[in-house]
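Visitor: Below: one structure in structure tokens.
Residue numbers (the numbering used here), protein chains in the order written: chain A, 1 to 191; chain B, 192 to 649; chain C, 650 to 949.
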């Protein structure tokens with residue numbers, strides 16, 4: 001039912017919300033005003049299922065069934081680029097928004113992806129089935145799992161998929177570092 | 192046999208005295224004098240790999256469906272520029288190696304120029320009669336930055352495309368002429384007719400490389416004519432040069448350094464991924480990704496754009512859009528100071544004599560502190576532009592970070608200035624850490640007026 | 650007098666170098682290693698084409714070659730004690746400056762020539778600048794194709810039905826039949842709980858059931874405003890806002906796109922919406938203001 005200033009009512013949030021928050025370890029929350037972040041779940045898998053079943057019995061959306069293999073990689077990429085990349089970064093590496101961090105998606109299971117999209121946890125927007133249908137959800141989950149678990153890193157060491165900042169650091173620390181060492185070796189010697 | 196071959200060439204080029212003089216030319220060879228060479232050899236790698244890339248890249252924004260091997264984009268409409276970059280990366284053997292080596296070389300080129308510039312500023316090498324060479328060097332730095340930006344914007348990917356949109360806004364923000372400048376460059380309001388792609392290409396492949404090559408040639412020629420500066424030391428005066436002869440020592444070592452530079456860049460080009468444009472996807476005006484950054488040498492500008500307060504004043508009927516302050520005014524002042532440095536230095540030190548001997552940084556505390564303070568003022572925006580994720584991972588919100596960085600932008604240069612002054616004075620008086628390769632003795636004047644060696648480390 | 654004296658030629662260059670068999674051996678080994686690496690590159694290229702293998706091989710080749718040269722040359726450097734005189738400028742008569750100004754002594758009609766040259770220079774300068782007028786008047790910036798009655802379509806071109814959006818959702822829309830890439834076209838449509846809305850006077854009916862539309866192009870520097878933050882628990886979390894990922898300009902969607910934080914100098918332009926009988930969304934008028942980053946000029 002909820003306790004004022006402590007926690008909201010869970011009547012009607014559904015098994016979907018309960019499963020998302022518990023399985024990603026976001027709930028239980030250490031303090032009411034913190035941003036919930038992914039961490040090790042506080043309960044075992046069996047306990048989570050029982051808790052979820054109880055919350056589900058109070059009404060609300062059920063855990064969605066997401067099957068990436070049914071999705072289209074191209075559609076998933078395009079949807080993710082337009083709808084999700086602004087916050088989660090094009091490779092799912094997460095990021096920053098004013099007022100919160102945005103989590104990386106490398107540990108999100110397809111089910112959790114579907115749950116988050118439908119729920120809109122914390123400051124995330126939410127997308128209902130009329131805006132993003134089952135196939136589109138499957139596609140997004142396919143793109144996210146592919147890009148975070150099996151990225152195409154044909155170029156070598158990916159440096160965390162974070163882009164020009166680690167690249168600049170490598171240029172200075174590794175390349176210039178090595179070349180400065182060689183320059184010192186090559187330069188003037190004491191007699 | 193080699194000696195006869197060289198003599199034969201010498202006779203036929205009529206340069207007997209010149210060639211002999213060149214071969215026996217003396218270079219002082221402190222290690223810090225090699226930093227400019229690292230930049231030069233990076234430029235050589237850029238040209239060589241760049242020519243290779245130009246054989247495959249198509250600078251056109253015409254759209255076709257992508258048919259290559261990268262699955263997430265299969266069938267999607269992309270521009271020729273983007274497609275040819277992907278095809279070069281995936282379907283041309285060693286294509287990705289060349290592309291990545293080219294990009295690493297660009298990052299290292301500018302890093303080496305900055306290390307070289309730091310050495311020039313800290314040792315007073317820009318002083319009379321070398322002011323023109325300093326101006327040429329500063330010009331080359333600004334061209335190199337522009338060249339790099341143009342280069343990585345060519346593939347029309349999401350990351351660089353966002354940067355181009357920002358560049359358009361910065362062009363619009365130039366007072367009075369902004370509303371014409373942006374559309375002039377893009378041929379109409381952004382995104383324009385698409386001609387920006389071929390303009391960037393022309394700039395990047397032909398115009399700037401030619402200007403850079405010319406400036407490099409003049410830069411080297413002026414060093415050769417005036418002869419390189421050197422640190423003070425035994426046998427070294429303002430009137431001579433002590434060091435290594437061009438042939439064989441210096442030439443072979445320089446060739447070796449060139450090979451090492453090429454090798455390091457190729458190692459990075461093959462082993463460490465850079466600018467994976469297939470992961471970013473093609474540019475779309477209506478799309479954006481979190482965590483988008485320019486290449487490192489533009490980082491000071493994104494930081495300045497983020498730190499500027501939200502002012503967009505109207506002065507005498509003319510709007511001054513916000514990006515002007517971070518994107519135009521800040522770099523203009525920074526480069527202005529850089530270009531004017533020899534003349535500012537002369538004003539402050541009141542020293543108008545020609546110099547061919549360098550000062551160690553500690554021997555000119557005011558100059559060294561000013562250089563480091565100025566460098567700090569330029570570096571703080573780099574941190575501001577890059578550290579949002581770090582701050583947030585330490586639970587410091589972005590808003591607080593901006594406030595902290597704004598304060599640091601003013602305070603840090605002053606602090607660095609004061610600390611550098613003290614460190615210089617302390618190093619100078621203690622005689623610690625003498626110049627590498629120097630085997631002299633530090634003397635001090637005794638009370639009675641004579642000289643004695645200073646007690647302590649030599 | 651200590652230190653080497655300046656030695657002008659002639660002298661024997663062979664006296665300046667010293668033999669060093671160890672360095673030579675090291676250099677030879679490095680060269681052979683470079684040869685092996687080079688062969689490795691050829692093999693990698695022909696047999697595998699793997700970028701990492703090729704880069705490792707050819708990079709190692711060059712590094713080893715370079716180190717060989719450096720090691721070998723270090724022994725030939727003559728210990729850095731060669732000396733050469735600088736050619737310092739000697740005062741010579743006549744000086745270069747005097748040579749240049751010498752002909753001036755023969756000019757008699759100095760003032761006439763100077764005046765005529767000044768007039769010529771000024772008119773030549775004017776003649777050079779005048780063609781700039783062909784650039785024409787500055788193009789109209791900040792306009793958009795949005796007009797009353799223009800329907801909203803999604804990225805695939807399908808009309809946007811209001812009912813598909815849940816509270817707390819957003820999508821990207823474009824004007825039907827117009828260019829998708831013009832700055833004025835992309836729209837970000839958000840659905841907010843209507844009780845949170847606080848529009849300024851005159852915009853009370855710009856929303857449809859809490860659905861609002863704004864230009865998606867940031868008024869700071871032109872990036873797509875691609876982030877919506879929407880609180881699940883409004884009493885504990887920051888309010889609904891559109892945030893730009895480039896420099897974090899934050900626009901309050903409950904207050905007509907007002908700037909909450911960040912460097913943007915202007916609120917996000919808003920498009921009034923209304924519902925068509927078939928449930929799709931259309932524009933109820935033009936944008937509330939110019940779209941995109943501000944331009945400096947007299948009439949922005």
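Glycine included, every Cβ here is placed at the ideal spot set by N, Cα and C.
Between the region 123 to 146 of chain A and chain C, which residues of the former have a C-beta closer than 8 Å to a C-beta of the latter?
Guide: 123, 124, 125, 126, 127, 128, 130, 131
Visitor: One question on the structure: do residue 790 of chain C and residue 374 of chain B come within less than 9 Å of each other, judged by their Cβ atoms?
Guide: yes
Visitor: Between the region 171 to 190 of chain A and the region 447 to 460 of chain B, do at least 3 Cβ pairs fall closer than 8 Å?
Guide: yes
Visitor: Let me confirm a value: residue 190 of chain A is counted as buried when at least 16 other C-beta atoms fall within 10 Å, else exposed. Which label applies?
Guide: Low confidence applies here, because residue 190 of chain A scores a pLDDT of 41, under 50, leaving its location unreliable and the question unanswered by this model.
Visitor: How is residue 33 of chain A classed by DSSP in three states: helix, strand or coil?
Guide: Coil at residue 33 of chain A, not helix or strand.
Visitor: At least one CB of chain A closer than 9 Å to the CB of residue 327 of chain B: is that the case?
Guide: no
Visitor: Taking the C-alpha atoms as reference points, what is the distance between residue 4 of chain A and residue 130 of chain A?
Guide: Rounded to the nearest whole angstrom, the C-alpha separation of residue 4 of chain A and residue 130 of chain A is 33 Å.
Visitor: With a threshold of 9 Å between beta-carbons, can residue 515 of chain B be considered close to chain C, or not?
Guide: yes
Visitor: What does residue 722 of chain B pair with, by DSSP beta-bridge criteria?
Guide: There is no way to answer for residue 722 of chain B, as the model of chain B reaches only from 192 to 649.
Visitor: Strictly under 9 Å for the Cβ-Cβ distance: is residue 181 of chain A near chain C by that measure?
Guide: Chain C, which has no Cβ nearer than 9 Å to the Cβ of residue 181 of chain A, makes this no.
Visitor: For residue 286 of chain B, which residues in chain A fall below 9 Å Cβ to Cβ?
Guide: What residue 286 of chain B touches in chain A: nothing, since even the nearest Cβ is about 10 Å away.
Visitor: Among all the DSSP beta bridges, which residues are the ones paired with residue 673 of chain B?
Guide: Missing from the structure shown is residue 673 of chain B; chain B here goes from 192 to 649 and no further.
Visitor: Near residue 550 of chain B, which residues of its chain fall below 7 Å by C-beta distance, leaving aside the five closest residues on each side in sequence?
Guide: 314, 315
Visitor: Any contact between the region 689 to 706 of chain C and the region 278 to 285 of chain B? By contact I mean 3 or more CB pairs, one from each, below 8 Å.
Guide: yes
Visitor: Tell whether a beta-carbon distance below 9 Å holds between residue 513 of chain B and residue 833 of chain C.
Guide: no
Visitor: Would you report the Cα separation of residue 651 of chain C and residue 609 of chain B, rounded to the nearest angstrom?
Guide: Reliability of the predicted coordinates at residue 651 of chain C is poor, the pLDDT of 44 falling under 50, and the value obtained from them is presented with this limitation in mind. Each residue's Cα considered, the two are about 39 Å apart.
Visitor: Can you tell me which of B:324, B:598, B:638, B:555 puts its alpha carbon nearest to the alpha carbon of residue 574 of chain B?
Guide: B:598
Visitor: If you reduce the DSSP assignment to three classes, tell me which class residue 819 of chain C lands in.
Guide: strand
Visitor: Whose Cβ in chain A lies nearer than 8 Å to the Cβ of residue 916 of chain C?
Guide: Result: empty, since nearest Cβ-Cβ is about 16 Å, beyond 8 Å.
Visitor: Rounded to the nearest angstrom, what separates residue 52 of chain A and residue 19 of chain A at their Cα positions?
Guide: 6 Å
Visitor: Would you check if the region 330 to 345 of chain B and the region 558 to 576 of chain B touch, i.e. whether three or more CB-CB distances between them fall below 8 Å?
Guide: no
Visitor: In three-state DSSP terms, what is residue 824 of chain C?
Guide: strand
Visitor: Report all residues from its chain with a CB closer than 7 Å to the CB of residue 682 of chain C; omit the five preceding and five following residues, and keep chain order.
Guide: In the same chain as residue 682 of chain C, and ignoring 5 residues on each side of it, the C-beta atoms closer than 7 Å to its own belong to 713, in chain order.
Visitor: Are any of the Cβ atoms in chain B nearer than 9 Å to that of residue 807 of chain C?
Guide: By this cut-off, residue 807 of chain C is not an interface position.
Visitor: Compute the beta-carbon to beta-carbon distance between residue 460 of chain B and residue 295 of chain B, rounded to the nearest angstrom, for a pair I have assumed lies under 8 Å.
Guide: 5 Å
Visitor: Does the region 149 to 161 of chain A come close enough to the region 421 to 435 of chain B that 3 or more CB-CB pairs lie under 8 Å?
Guide: no
Visitor: Hey, how far is the Cα of residue 464 of chain B from the Cα of residue 150 of chain A?
Guide: 15 Å
Visitor: Given a threshold of 16 other Cβ atoms within 10 Å of its Cβ, counted over all protein chains shown, does residue 161 of chain A qualify as buried or as exposed?
Guide: buried
Visitor: Is it buried or exposed for residue 40 of chain A, if we count other Cβ within 10 angstroms and need 16 for buried?
Guide: exposed
Visitor: Which of helix, strand or coil does DSSP assign to residue 805 of chain C?
Guide: Here DSSP, grouped into helix, strand and coil, assigns residue 805 of chain C to coil.
Visitor: Output needed for residue 60 of chain A: all residues of its chain with C-beta closer than 6 Å, excluding positions within five of it in sequence on either side, in chain order.
Guide: 12, 13, 14
Visitor: Under a CB-based cut-off of 9 Å, is residue 741 of chain C close to chain B?
Guide: Put simply, the CB of residue 741 of chain C is far from chain B, with every gap to its CB atoms at 9 Å or more.
Visitor: Using the Cα positions of residue 722 of chain C and residue 715 of chain C, report the straight-line distance between them to the nearest angstrom.
Guide: Residue 722 of chain C and residue 715 of chain C have their C-alpha atoms some 10 Å from each other.
Visitor: Starting from residue 218 of chain B, follow its DSSP beta bridges and name the residues at the other end.
Guide: B:435
Visitor: If you reduce the DSSP assignment to three classes, tell me which class residue 90 of chain A lands in.
Guide: Residue 90 of chain A carries a coil assignment under DSSP once its states are collapsed to helix, strand and coil.
Visitor: Quick check: the Cα distance between residue 363 of chain B and residue 377 of chain B, rounded to an integer number of angstroms?
Guide: Straight-line spacing of the CA atoms in residue 363 of chain B and residue 377 of chain B works out to 11 Å.
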